[in-house]
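> Submitted below is the structure of interest, expressed as structure tokens.
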Amino acid sequence: MVMDINSTKEQLDNLKIEGAEAFNQFKGVAGKYRSLLPDDLEVAFFSVIRKFCMFVATVAILVVIMSLLVSVIDYMSSADEGISEPEISYVKYKDELQGKYEQKYQQQQTGLSVTEKKEKQLAIDGEKLEFEKEFDEYYHEIELNLNEYAKIVGDDPVARHPVRNDLLQIAIHQQSLEAIAELDNFVEDLVDDANNLVKLGKSDVRRPTWVSSIEWFFFERKKQLRLEHERIQQEQHDALQDNANALKKLMMAGSAFIAFMFFVIILVLMRIESNTRVSK
Numbered sequence: 147m148v149m150d151i152n153s154t155k156e157q158l159d160n161l162k163i164e165g166a167e168a169f170n171q172f173k174g175v176a177g178k179y180r181s182l183l184p185d186d187l188e189v190a191f192f193s194v195i196r197k198f199c200m201f202v203a204t205v206a207i208l209v210v211i212m213s214l215l216v217s218v219i220d221y222m223s224s225a226d227e228g229i230s231e232p233e234i235s236y237v238k239y240k241d242e243l244q245g246k247y248e249q250k251y252q253q254q255q256t257g258l259s260v261t262e263k264k265e266k267q268l269a270i271d272g273e274k275l276e277f278e279k280e281f282d283e284y285y286h287e288i289e290l291n292l293n294e295y296a297k298i299v300g301d302d303p304v305a306r307h308p309v310r311n312d313l314l315q316i317a318i319h320q321q322s323l324e325a326i327a328e329l330d331n332f333v334e335d336l337v338d339d340a341n342n343l344v345k346l347g348k349s350d351v352r353r354p355t356w357v358s359s360i361e362w363f364f365f366e367r368k369k370q371l372r373l374e375h376e377r378i379q380q381e382q383h384d385a386l387q388d389n390a391n392a393l394k395k396l397m398m399a400g401s402a403f404i405a406f407m408f409f410v411i412i413l414v415l416m417r418i419e420s421n422t423r424v425s426k
């Protein structure tokens, strides 16, 4: 009976020893793979963040120190109020006299020579002449049509009014013959309607003189150009407003993306913490 008890104790002791050895072996194997556990991943993550923050902080403090040093140096600097003794050299005086002597025998440069000025003026006159030739081509047709209209409706001939000079000054001021070309088309339509207008009484407002027709043409053209400029300004204002709204929307999208990334990081950290607690 005593032998059986002793044998049982020995078996229990052997089991304890084997269990302890197995546990130690498991700890050794687990130690080899410890670096793969989430705990080490969290440590590595925060280690990188810590080093990055230290680097940024170091750069920032260096910038602060350098800025303070430069500010102190600039603040302590002052104007040099000492009067330096003038350096008067005979060689400099001699060189200056030599320069004056040589300048007397050199041809003076007065910008453009007389010939160049004449050539430039001829070029300008040529451009003006070409412009007036193109103007006269339009005006010739306008004058013919206006005289034809005046003959039909009993209006004054064009020769009684200095209309050519007025129209030429308008074209020169605008640096364009576009308005004169449009007036040519307008006068053609006016002549085409002359046979209908002559049937109306002379006091009828629907039967205009050619002078009042030209005045209305330029008044209407000026009004339309003004409205066009206002439209362009309004569209420019609207475009700027749209750009400002687009920038606001872009900033809103950026803020939303930052918030998204912030919460993703929080979730990742929570996941790491959860895995760490489960492994423990």
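Position 204 (the sequence shown) corresponds to 350 in my numbering; numbering is contiguous. Don't be surprised by glycine CBs; every beta carbon is placed ideally from N, CA and C.
For residue 291, count neighbouring Cβ atoms within 10 angstroms of its own Cβ and tell me buried if that reaches 16, exposed if not.
buried
> Can you check whether the CB of residue 329 is closer than 9 angstroms to the CB of residue 363?
In contact: residue 363 and residue 329 (Cβ atoms closer than 9 angstroms).
> Go ahead and label residue 378 buried or exposed: buried means 16 or more other beta carbons lie within 10 angstroms of its beta carbon, across all protein chains shown.
Its Cβ having fewer than 16 others within 10 Å, residue 378 is exposed.
> Can you tell me where the alpha helix (DSSP H) with residue 325 in it begins and where it stops?
Residue 325 -> alpha helix (DSSP H) spans 324 to 338.
> Considering residue 436, what are the terminal residues of the alpha helix (DSSP H) in which it resides?
One cannot answer for residue 436 here, as it falls past the ends of the chain, which runs 147 to 426.
> Let me know if residue 313 comes out buried or exposed under the rule of 16 or more other beta-carbons within 10 Å of its beta-carbon.
buried
> Output yes or no for whether 9 angstroms exceeds the beta carbon distance between residue 298 and residue 333.
no
> How long is the line joining the alpha carbons of residue 374 and residue 283, rounded to whole angstroms?
29 angstroms
> Would you say residue 356 and residue 301 are within 9 angstroms of each other, going by their C-beta atoms?
yes
> Locate the alpha helix (DSSP H) running through residue 312, then write down its first and last residues.
309 to 320
> Contact defined as beta carbons within less than 8 angstroms: I believe residue 316 pairs with residue 325. What is the distance between those atoms, to the nearest angstrom?
6 angstroms
> Do residue 323 and residue 280 have their C-beta atoms closer together than 9 angstroms?
yes
> Kindly list the residues whose CB is nearer than 6 angstroms to the CB of residue 352, restricted to its own chain and excluding five residues on each side of it in sequence; keep chain order.
346
> Are residue 340 and residue 295 touching if we call contact CB-CB under 9 angstroms?
Contact flag set, yes.
> Note down the Cα distance separating residue 360 from residue 277, rounded to an integer number of angstroms.
Those two C-alpha atoms are separated by around 22 angstroms.
> Can you tell me the Cα-Cα spacing of residue 376 and residue 309, whole angstroms?
30 angstroms
> Taking the straight line between their C-alpha atoms, what separation do you get for residue 288 and residue 275?
20 angstroms
> Just how far apart, CA to CA, sit residue 335 and residue 320?
Cα to Cα, the separation comes out at about 24 angstroms.
> CA-CA distance, residue 368 and residue 358?
15 angstroms
> What do you reckon, are the CB atoms on residue 371 and residue 354 nearer than 9 angstroms?
no
> Cutting at 8 angstroms between CB atoms, please list the residues of its own chain near residue 383, excluding the five before and the five after it.
none
> Since residue 293 contacts residue 303 with CB under 8 angstroms, what's their CB separation in whole angstroms?
6 angstroms
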